[in-house]
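Heads up: the structure comes next, in structure tokens.
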Amino acid sequence: MKIAIVRERFEGENRVAATPETVGKLIGLGATVAVERGAGSGSRITDAEYEAAGATLAADAPTALSGADVVLTVRRPAASMLAGVNPGALVIGALDPYGNEADIAALAQAGVTAVSMEFMPRITRAQVMDILSSQANLAGYQGVIEAAAVFDRALPMMMTAAGTVRPAKAFVMGAGVAGLQAIATAKRLGAVVSATDVRPAAKEQVESLGAKFIAVEDEEFRQAETAGGYAKQMSAEYQAKQAELTAQHIAKQDIVITTALIPGRAAPRLISREMVESMAPGSVIVDLAAERGGNVELTQPGRVVEHNGVTIIGYTNVQGRIPTTASQLYARNLLAFVETLIDKTEKRLAINWDDELVKATVLTRDGAVVHPNFASAVP
Ligand code: NAD
1 MKIAIVRERF
11 EGENRVAATP
21 ETVGKLIGLG
31 ATVAVERGAG
41 SGSRITDAEY
51 EAAGATLAAD
61 APTALSGADV
71 VLTVRRPAAS
81 MLAGVNPGAL
91 VIGALDPYGN
101 EADIAALAQA
111 GVTAVSMEFM
121 PRITRAQVMD
131 ILSSQANLAG
141 YQGVIEAAAV
151 FDRALPMMMT
161 AAGTVRPAKA
171 FVMGAGVAGL
181 QAIATAKRLG
191 AVVSATDVRP
201 AAKEQVESLG
211 AKFIAVEDEE
221 FRQAETAGGY
231 AKQMSAEYQA
241 KQAELTAQHI
251 AKQDIVITTA
261 LIPGRAAPRL
271 ISREMVESMA
281 PGSVIVDLAA
291 ERGGNVELTQ
301 PGRVVEHNGV
311 TIIGYTNVQG
321 RIPTTASQLY
331 ARNLLAFVET
341 LIDKTEKRLA
351 INWDDELVKA
361 TVLTRDGAVV
371 HPNFASAVP
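Residues in the sequence shown are numbered consecutively from 1, following full-length UniProt numbering.
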């Protein structure tokens with residue numbers, strides 16, 4: 001059972017799918033692990049550390065991947081990279097299938113079993129494997145740090161001999177995993193924090209962190225949560241009412257962190273150009289939904305722009321800006337899942353295709369796209 005880890009090819013991606021800690025544990029489960037030289041350098045992990053954990057270093061990706069039964073990745077690898085892996089090899093990572101159906105079909109044609117960790121069910125057993133949570137939590141934290149770094153005032157109230165400085169006002173839009181961590185981080189830095197979400201369950205969570213909850217709480221709001229705990233697409237009428245409420249609120253904010261996402265769809269547009277123009281110069285917006293198109297009309301994904309003195313930070317992969325921590329948690333998520341795929345006495349892969357974790361995450365198998373959400377991508 002050979003497990004391969006290669007250096008990420010996606011531009012600016014400094015995370016890695018395994019750390020010396022998880023490599024050691026994979027070897028303990030009976031695997032041999034090949035790591036491409038330099039795979040960990042973006043996360044400050046040296047080749048020597050992987051080697052000390054028991055991995056074999058490979059000079060290049062084809063050598064690492066040759067004969068692999070499992071490939072652990074952060075981003076979706078190109079199907080062309082996987083020529084040398086064993087037939088049916090598992091390719092496990094954040095494969096980001098929505099909008100990339102042709103690439104998923106290519107993985108099917110390459111004969112690999114592509115496993116998309118984003119689809120891990122949010123059940124107790126799988127919490128330890130939840131890459132969306134581990135990475136969103138870090139994005140929420142880092143988003144506030146990025147805002148504080150460009151904000152040209154202090155965040156906390158300061159009572160000094162030279163007088164009192166008022167605290168900054170921070171508003172978090174979308175109070176899921178990233179948003180709740182953003183609230184907690186902004187509070188820790190001393191800001192006065194408010195937040196909004198379309199899910200009613202978020203209200204109590206926001207308030208328990210000491211932030212004020214701002215939302216139109218009508219009948220639609222009370223029904224706005226799917227059985228899986230995700231947000232529903234809201235009606236145009238609700239969005240208009242909510243926009244009016246938030247528009248008045250945003251005009252008074254110093255820092256706005258947006259995190260609103262709806263699985264499988266473009267990010268909802270929450271902040272218009274006019275709302276940005278209502279903010280005081282020096283204010284900062286961090287759009288954590290930039291990679292999904294952004295919650296802010298003026299966001300340019302991957303860039304920092306200024307409009308009328310308001311800075312709009314549109315970094316994609318904000319968690320990847322603290323790659324060492326992000327890799328540490330991501331690698332543990334993957335290890336926890338791989339553990340469920342291995343027969344520990346026989347020390348070989350023994351996949352239970354009926355396991356709900358496997359059924360939910362497997363995109364391709366035996367040359368076909370098998371995931372129900374992507375059945376139409378079958379070539
Ligand atoms: P997400 O990343 O899909 O979305 C971020 C937030 O944006 C969500 O809270 C969503 O409600 C909100 N949102 C969507 N549209 C909005 C709009 N128009 N205006 C304002 N906010 C909007 O969410 P997430 O962080 O993945 O969390 C989704 C749910 O899953 C939450 O209920 C969370 O508690 C739950 N969860 C459960 C587990 C588990 O049980 N293992 C783990 C993590 C998260």
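Think of the CB as a built atom: it goes at the ideal place given N, C-alpha and C, for glycine as much as any other residue.
Q: May I ask whether a heavy atom of the ligand NAD can be found less than 6 Å away from the beta carbon of S133?
A: yes
Q) Where in the stretch 244-302 do unbroken runs of the alpha helix (DSSP H), each at least 4 residues long, occur, reported from the N-terminal end onward? A) As far as the stretch 244-302 is concerned, its whole alpha helix (DSSP H) runs of at least 4 residues are 273-277.
Q) Which one or two residues does DSSP pair with S116 in a beta bridge? A) DSSP output for S116 lists G93 as bridge partner(s).
**Q.** Alpha-carbon spacing of T164 relative to R153, whole angstroms
**A.** 13 Å
Q: Quickly, what does DSSP pair M173 with across the bridge? List them, please.
A: T196 and T258
Q. Just how far apart, CA to CA, sit M158 and V144?
A. 19 Å
Q. Which residues bound the alpha helix (DSSP H) around T361?
A. E356 to T361
Q: Using only the heavy atoms of the ligand NAD, determine whether one of them is closer than 6 Å to the beta carbon of G229.
A: yes
Q) If we ignore side chains and look at the alpha-carbon of each, how far apart do K241 and P323 end up? A) 39 Å
Q. Taking 6 Å as the cut-off, is the CB of Q127 close to at least one heavy atom of the ligand NAD?
A. yes
Q: Measure from the alpha carbon of H307 to the alpha carbon of each residue in Y315, S327, I285 and N333, then state which is nearest.
A: Checked all of Y315, S327, I285 and N333; the closest Cα to H307 is I285.
Q.
Cutting at 6 Å between CB atoms, please list the residues of its own chain near L329, excluding the five before and the five after it.
A. S134
Q | Coarse secondary structure for M234, derived from DSSP in three states | A | coil
Q) By a C-beta neighbour count over all protein chains shown, 10 Å radius and 16 as the cutoff for buried, is Q319 buried or exposed? A) Buried.
Q: Identify which residue in V296, T361 and A126 has its Cα closest to the Cα of A247.
A: V296
Q) Do the CB positions of T259 and A331 come within less than 7 Å of each other? A) The Cβ atoms of T259 and A331 do not sit closer than 7 Å to each other.
Q) Around the C-beta of T345, are 16 or more other C-beta atoms found within 10 angstroms, so that it is buried, or is it exposed? A) exposed
Q.
Does K212 come out as helix, strand or coil in the three-state DSSP assignment?
A. strand
**Q.** First through last residue of the beta strand (DSSP E) which encompasses G163
**A.** G163 to V165
Q) How would you call I5, buried or exposed, if buried means at least 16 neighbouring beta carbons within 10 angstroms? A) Looking at its Cβ environment, which holds 16 or more other Cβ atoms inside 10 Å, I5 is buried.
(Q) Between R199 and the ligand NAD, is there a pair consisting of the residue's CB and a ligand heavy atom that are separated by less than 6 Å? (A) Yes, the beta carbon of R199 sits closer than 6 Å to at least one heavy atom of the ligand NAD.
Q.
Looking only at its chain, what residues have a beta carbon closer than 6 Å to the beta carbon of K2, apart from the 5 residues adjacent to it on each side?
A. T32, G67, A68 and D69
Q. Nearest to L57 by alpha carbon, out of D218, G228 and G40?
A. G40
Q: Tell me where the alpha helix (DSSP H) around I145 begins and ends.
A: I131 to V150
Q) Mapping DSSP to helix, strand and coil, what is D366? A) DSSP, reduced to helix, strand and coil, places D366 outside both helices and strands of the structure shown, so it counts as coil.
Q: State the DSSP-derived secondary structure class of R153, mapped to helix, strand or coil.
A: Here R153 sits in coil by DSSP.
**Q.** A94 Cβ short of 6 Å to the ligand NAD heavy atom set
**A.** no
Q. By Cβ distance, which residues of its chain are closer than 6 Å to R303, with the 5 residues on each side in sequence left out?
A. G314
Q. Among all the DSSP beta bridges, which residues are the ones paired with H371?
A. Note: H371 sits in no beta bridge, so no partner.
Q: Decide if the stretch 185-193 is in contact with the stretch 213-224; the criterion is three or more beta carbon pairs, one per stretch, under 8 Å apart.
A: no
**Q.** Environment of A94 [buried if 16+ CB atoms lie within 10 Å]
**A.** buried
Q) Would the beta-carbon of S230 fall within 7 Å of that of P263? A) One point to set straight first is that residue 230 is Tyr, not Ser, in the sequence displayed. Between Y230 and P263, the C-beta gap is smaller than 7 Å, which places the two residues in contact.
**Q.** Delimiting residues of the beta strand (DSSP E) encompassing E306
**A.** V304 to H307
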